[in-house]
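Working notes for the structure below.
Residue numbers (this note's numbering): 10 to 462.
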């Protein structure tokens, strides 16, 4: 209870001098080896919260430097003795502590006990998996041990900073074997058992450059597994499979389509892309479709793009809005390739979502693609047939105004070209929208895009 209460005082502790920090860190570390798992479960996240609060307050990371050695030594000593939930908490802490290491050597030393534990934990996964599924009797009390999933997160975080093709290929092959076993046995009763290896495969693939991945020998097996996972009866697994598919395409490029046919992808992705799908899965599916189009522009995915267009909404808030903004960003690029998939509602929603987004790189790229649609007559026919031209012009101009004078380069030129097209096609309607919504700096804005007011 004391650790739980103190965790909520992290800001006060950090802002009241090093004496408080040192006493607090030492008190927490002293309880890492307590026999009570509940005490461990309180003290480990309390220390992680303290470490994470440092950058949140804008403090120098060196605030924690005097305590790194003691923290690292305690974490290393605890690895062999922690299990299940507490091991997960310890791994979360280790990932946070990794960035406090004064040198790569000390980072390697921190990770070493996790590396040593991997082989044993992986073996225990296999042993308990086979014991559970080979004994279907009602008295089977075996629990599949999944500690290796958390151990792997620490190893692969280190691998992302210090890539090793040999280690990545070895581990990637092992996880593909695990997933192949699950798929072959048709084991769909434990989503975590399928999801975690799938996400670990994604991490391993993204940890290596594309040229290194070309030497990987189990791509066909991976393709078979992904196709099966896309149809797994769990939204979390389907989302992980979509993410893995996107990472495969980004990493292996066109080789992916040698092992996963375009027809199979369309068949697998089609049921996932509908308004009732979990938003996280929908975002992962959208990224997968974007990756397919980027790697194989000739692929006929207009049906999937149309389904995505029907899913996008602008009347949402908070984290849900963030998800739909990501869909909008992806859809902008996809509609350039499949403009016939656009609907009047989706075009208005995209403009509204772009208008409400921060002026950052993803919005910039999406704006360029969205503006590239404007010269296409099919887009204007779609808007006119739905009677949505006034609504679209209103949202499009709000999107333009949201950039103020911050757009530059390709983005600035794309907006200028789109405005020219809209001025020529909807002169009176567009000026009506501008006069009713124009901010005081309208002349500066239009001057920025070389449009005469």
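From the three backbone atoms N, C-alpha and C, an ideal C-beta is built for every residue, glycine too.
- In the structure shown, the three-state DSSP call for residue 217 is coil.
- The DSSP-derived three-state label of residue 323 is coil.
- When C-alpha distances from residue 114 are compared across 296, 59, 244, 170, the shortest belongs to 170.
- Going by C-alpha positions, residue 211 is about 8 Å away from residue 257.
- Taking one beta carbon from each stretch, the region 102-117 and the region 78-93 have 3 or more pairs nearer than 8 Å; the two touch.
- The residue among 195, 340, 175 with its C-alpha nearest the C-alpha of residue 226 is 175.
- DSSP places residue 394 within a helical segment (H, G or I) once states are collapsed to three.
- Taking one beta carbon from each stretch, the region 387-401 and the region 362-369 have fewer than 3 pairs nearer than 8 Å; the two do not touch.
- Rounded to whole angstroms, residue 392 and residue 277 show a C-alpha spacing of 31 Å.
- Under the three-state reduction of DSSP output, residue 43 falls in the coil class, being neither helix nor strand.
- Taking C-beta separations shorter than 7 Å and ignoring five residues to either side along the sequence, the partners of residue 204 in its chain run 245, 246, 249, following chain order.
- In the three-state reduction of the DSSP assignment, residue 457 falls in the helix class, which pools H, G and I.
- Here DSSP, grouped into helix, strand and coil, assigns residue 225 to coil.
- For residue 83, the three-state secondary structure derived from DSSP is helix.
- DSSP places residue 306 in the coil class of the three-state scheme, outside both helix and strand.
- A direct Cα-Cα distance of roughly 14 Å separates residue 297 from residue 270.
- In the DSSP assignment, residue 187 falls within the unbroken alpha helix (DSSP H) covering 174-194.
- For residue 152, the number of other beta carbons within 10 angstroms of its own is below 16, and it is reported as exposed.
- The region 307-318 makes contact with the region 349-357, as at least three CB pairs between them are under 8 Å.
- For residue 167 against residue 136, the beta-carbon gap comes to about 26 Å, at or over 8 Å, which does not count as contact.
- Shown here for residue 268: same chain residues with a beta carbon closer than 8 Å to its own, the five before and five after excluded, namely 228, 229, 231, 232, 233 in chain order.
- No Cβ-Cβ contact shorter than 8 Å links residue 388 with residue 420.
- For residue 124, the enclosing alpha helix (DSSP H) covers residues 113-143.
- For residue 246, the uninterrupted alpha helix (DSSP H) run begins and ends at 244-261, by DSSP.
- Nearest in C-alpha terms to residue 456, of all of 428, 435, 438, 339, is 428.
- Around the beta carbon of residue 41, 16 or more other beta carbons lie within 10 angstroms, which makes this residue buried.
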